[in-house]
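Right, one structure below, let's go through it.
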Amino acid sequence: MTKGEDWSYAKSSARPDRPLSNAQLAVLAARSDRAGFLHLGLQYGQILAGALLIAGTGMFGRMLGMCLMGFGLVTMGHCAQHECIHNTAFRTRRINNIVSWLASLPRLTNPIWERMLHKDHHTYTNDPARDPEIMAGSPANALPGDIYSYVTKILRIGGGKYGLGVWSARVAILTTCAAGRIVGYSGFDLVPEKKATFVKADLQRSCRLQLGFYAAIILLVAYTNSWAAAAKYWLLPMLVGEPLHAFFHIADHLNCEHDYKNGRANTRTTPAPSFVRFNMWNMNYHAEHHLYPSIPFHQLPAAHDALHGHFAHQSSSAVSMHRDLVAKWIPHFQERLKFGKEKVETEWVPCAE
């Protein structure tokens, strides 16, 4: 990124796609430690309730507990972390840093690493040549270009540039960064030294601390022979929660324009039930967030109302978005069978309307 290219945080006067006045933005951008702690506490309460249901009897109660606990852990690890790396979950920067690290632990991600790459995602949103979430081909972040990557993205298995699922990619990222080699979303491709230099020491130290924490947990589980409990209260809920989260998260930029300077058209807002909005820290209002990344999570519903009618892409629901997406792919697969995969894949643009 060169000087002057940071499009996402340019002054509103320099962004013709931003319709809110400075006065409106000043109100909406107000941050709050209280709102952050209240939301965090309620989400931890949901996770605890899920754990209690898992510990109880009855298959239905246990499955419900898996969903509550898993969805809570996964969305906290992604959405709460995401708000914290923007420093909008809490007013106090230090609290954002602490919470982002703690929230990331169950999901095996690192907030310093995420912040390093996330800035370019906002600056070059949906640009296939410069948005790191697309370039990596990661099953967790890249736009799915066919039904295989679509399914693996939701289920969080396989796919991606090197065939890694998100779990193996996350382990690769943590261990590689801990060793001092800073990699991107794929888990293998090195981040340019110019970008990595600014965070290398902090990231390496943070990843080593994180791996040390996991090693201590593994030793404790082994010493107490608590493998069944680890599977019951972490592994299985996470495996349930990841696809539930991906079902909503996958919609953020799919079938949207590749113009990174048009925040009204390169990102989608997807209405969701209140339970989903709560767990995702209102990140289903993704177009509003990308247009104004300084607006904290608790103000995004108000921003959604203020920006009504300004966005090119807003599905009526996540189910509707998935239905439309699969419908667009049917002719594509028919063409692949008729003309050959290589020819069709090189000509097809998955985001084209």
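Residue numbers (this note's numbering): 104 to 456. Note that the Cβ used here is the ideal one computed from N, Cα and C, for glycine as well. Since this is a predicted model, take the numbers as computed values, not measurements.
The alpha-carbon separation between residue 155 and residue 320 amounts to approximately 21 Å. For residue 276, the enclosing alpha helix (DSSP H) starts and ends at 269 to 281.
Pairing residue 220 with residue 290 gives a Cβ-Cβ distance that is not under 8 Å. At the C-beta level, residue 415 and residue 354 stay beyond 8 Å of one another. Here DSSP, grouped into helix, strand and coil, assigns residue 226 to helix. The C-beta of residue 408 has fewer than 16 other C-beta atoms within 10 Å across all chains shown, which makes the residue exposed.
For the options 359, 346 and 427, the alpha carbon positioned closest to that of residue 169 is the one of 346. By the neighbour-count criterion, in which 16 or more other beta carbons inside 10 Å mark a residue as buried, residue 389 falls on the buried side. Proximity of the stretch 355 to 366 to the stretch 186 to 197 falls short of the contact definition, fewer than three beta-carbon pairs being nearer than 8 Å. Between residue 386 and residue 298, the alpha-carbon positions lie close to 27 Å from each other. Between the beta-carbon of residue 146 and that of residue 164 there is about 20 Å, and that puts the pair past the 8 Å contact cut. The distance from the Cβ of residue 349 to that of residue 256 is about 6 Å, consistent with a contact at the 8 Å cut-off. Of all C-beta pairs linking the stretch 300 to 309 to the stretch 334 to 343, fewer than three are shorter than 8 Å, placing the two stretches out of contact.
Nearest in C-alpha terms to residue 140, of all of 400, 441 and 405, is 400. Within the same chain, and ignoring the five residues on either side of residue 324 in sequence, the residues whose Cβ sits closer than 8 Å to its Cβ are 330, 332 and 333.
If you keep only unbroken beta strand (DSSP E) runs of at least 3 residues inside the stretch 284 to 337, you get nothing at all.
If the five residues before and after residue 223 are omitted, its C-beta is found closer than 6 Å to the C-beta atoms of 235, all from its own chain and listed in chain order. Around the beta-carbon of residue 210, 16 or more other beta-carbon atoms lie within 10 Å, marking it buried. Separation of residue 136 and residue 190 (C-alpha to C-alpha, rounded to the nearest whole angstrom) is 11 Å. Ranked by Cα distance from residue 344, the options 214, 133, 171 and 157 are led by 171. Annotation: the stretch 363 to 416 contains the following complete segments of the alpha helix (DSSP H) (minimum length 4 residues), in chain order: 377 to 382, 389 to 394 and 403 to 409.
In the displayed model, residue 360 falls within coil according to three-state DSSP, outside both helix and strand. A distance below 7 Å between beta-carbons, with the five flanking residues on each side excluded, links residue 419 to the following residues of its chain, in chain order: 374.
The shortest C-alpha to C-alpha distance from residue 218 to any of 184, 280, 206 and 202 is the one to 184. The continuous stretches of alpha helix (DSSP H) do not include residue 159, and DSSP gives it neither H nor E.
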